[in-house]
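A.B. asks: In the working numbering, each residue's number is its place in the sequence shown (first place is 1) plus 61. Glycine is no exception: its CB is placed at the ideal position from the N, C-alpha and C atoms. Since the structure is predicted, the reported quantities are computational estimates derived from the model, not experimental observations. If you scroll down you'll find the structure; I have some questions about it.
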Amino acid sequence: MNIRNKMIILLLLVSTVPLTTIGFIEMKARESAFKEYIETSSMEYTKLSMRRVNEYIYSEYENIQAWTKTGAMENILTKDTNGIISTLLTDIQKNHKDIYYIVCLNKEGQAIASNNTNIIGMDFSAEEGFRESINGKNYIQNPRYDKTARGNAIVFLAPVTDSSSKSKIIGVLYVS
Numbered sequence: 062m063n064i065r066n067k068m069i070i071l072l073l074l075v076s077t078v079p080l081t082t083i084g085f086i087e088m089k090a091r092e093s094a095f096k097e098y099i100e101t102s103s104m105e106y107t108k109l110s111m112r113r114v115n116e117y118i119y120s121e122y123e124n125i126q127a128w129t130k131t132g133a134m135e136n137i138l139t140k141d142t143n144g145i146i147s148t149l150l151t152d153i154q155k156n157h158k159d160i161y162y163i164v165c166l167n168k169e170g171q172a173i174a175s176n177n178t179n180i181i182g183m184d185f186s187a188e189e190g191f192r193e194s195i196n197g198k199n200y201i202q203n204p205r206y207d208k209t210a211r212g213n214a215i216v217f218l219a220p221v222t223d224s225s226s227k228s229k230i231i232g233v234l235y236v237s
């Protein structure tokens, strides 16, 4: 090997080693900044998603509160013999596709009306939150697998009061 080739190899090594070292250091700095950016944007996305879920759950909660105040709910006292509540619940479920089923319970926890006719007559008195609702409190169950719905669901229970006194609880609206 002649001296010219040795000089070329030496100059190449001397010039590429610093470039490679600087490139490697810069790549590590960029990698760190990129990871920080991903972490920050992931947290922001998570916060935004949680906010939207909370807003959705609150809007459904408000809807359920409004449904308990409709005049048709007075038919709880007659055990919905004319089917007005069941018709109303079926219409509500058609307009709210995220709802699996809606049940109107009397004070004993018996399903007297529902958009799902298989549920009518079932006893819901042992369900989590029923006692609280019959005593005048709204109740939201934690998300869980619902056997009737055959899927994960959040169940809302809301007391239904009579329209004349607004203080006497006549039943519970159970929404999955």
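Enumerate, from N- to C-terminal direction, the unbroken alpha helix (DSSP H) stretches of 4 or more residues contained entirely within the stretch 194 to 235.
C.D. replies: none
A.B. asks: Give me the Cβ distance between residue 165 and residue 125, rounded to the nearest whole Å; I'm assuming they're in contact under 8 Å.
C.D. replies: As a working note, residue 165 is residue 104 in the sequence shown. As a working note, residue 125 is residue 64 in the sequence shown. 12 Å between Cβ atoms; not a contact.
A.B. asks: Spatial neighbours of residue 141 within its chain, please: CB distance less than 8 Å, with the 5 preceding and 5 following residues excluded, ordered by chain position.
C.D. replies: Taking the first residue of the sequence shown as 1, we reach residue 141 at position 80. Around residue 141: 147, 165, 173, 174.
A.B. asks: Take residue 170 and list the residues in its own chain whose beta-carbon comes closer than 6 Å to its own, dropping the five residues that flank it on each side.
C.D. replies: Your numbering for residue 170 matches position 109 in the sequence shown. If we look at residue 170 and ignore the five residues flanking it on each side, its Cβ neighbours are 184, 185, 186, 191.
A.B. asks: DSSP three-state call for residue 110: helix, strand or coil?
C.D. replies: Sequence index remark: in the sequence shown, residue 110 carries index 49 (1-based). Shown here, residue 110 sits in a helix according to DSSP, grouped into three states.
A.B. asks: Starting from residue 175, trace the beta strand (DSSP E) in both directions and tell me its first and last residue.
C.D. replies: On the sequence shown, residue 175 is found 114 positions in, with the first residue counted as 1. Element bounds for residue 175: 172 to 175.
A.B. asks: Tell me whether the stretch 120 to 134 and the stretch 91 to 104 touch, counting them as touching only if at least three CB pairs, one residue from each stretch, are closer than 8 Å.
C.D. replies: no
A.B. asks: State the DSSP-derived secondary structure class of residue 138, mapped to helix, strand or coil.
C.D. replies: As a position in the sequence shown, residue 138 is number 77, starting the count at 1. Of the three classes helix, strand and coil, the one that applies to residue 138 here is coil, per DSSP.
A.B. asks: On the criterion of 16 or more Cβ atoms from any shown chain inside 10 Å, does residue 188 qualify as buried, or is it exposed?
C.D. replies: Here residue 188 corresponds to residue number 127 of the sequence shown, with the count starting at 1. When all chains shown are included, residue 188 counts as buried.
A.B. asks: Would you list the residues sitting across from residue 184 in a DSSP beta bridge?
C.D. replies: Start at 1 with the first residue of the sequence shown, and residue 184 comes out as number 123. Residue 184 is bridged to 171.
A.B. asks: Tell me the DSSP secondary structure of residue 160 in three-state form.
C.D. replies: Numbered from its first residue, the sequence shown carries residue 160 at position 99. Assigned with DSSP and collapsed to three states, residue 160 falls in coil, not helix or strand.
A.B. asks: Classify residue 79 as buried or exposed, calling it buried when 16 or more other Cβ atoms lie within 10 Å of its own Cβ.
C.D. replies: By 1-based counting over the sequence shown, the position of residue 79 is 18. Per the 10 Å Cβ criterion, exposed.
A.B. asks: Counting beta carbon pairs with one atom in the stretch 191 to 209 and one in the stretch 98 to 112, are three or more of them shorter than 8 Å?
C.D. replies: no
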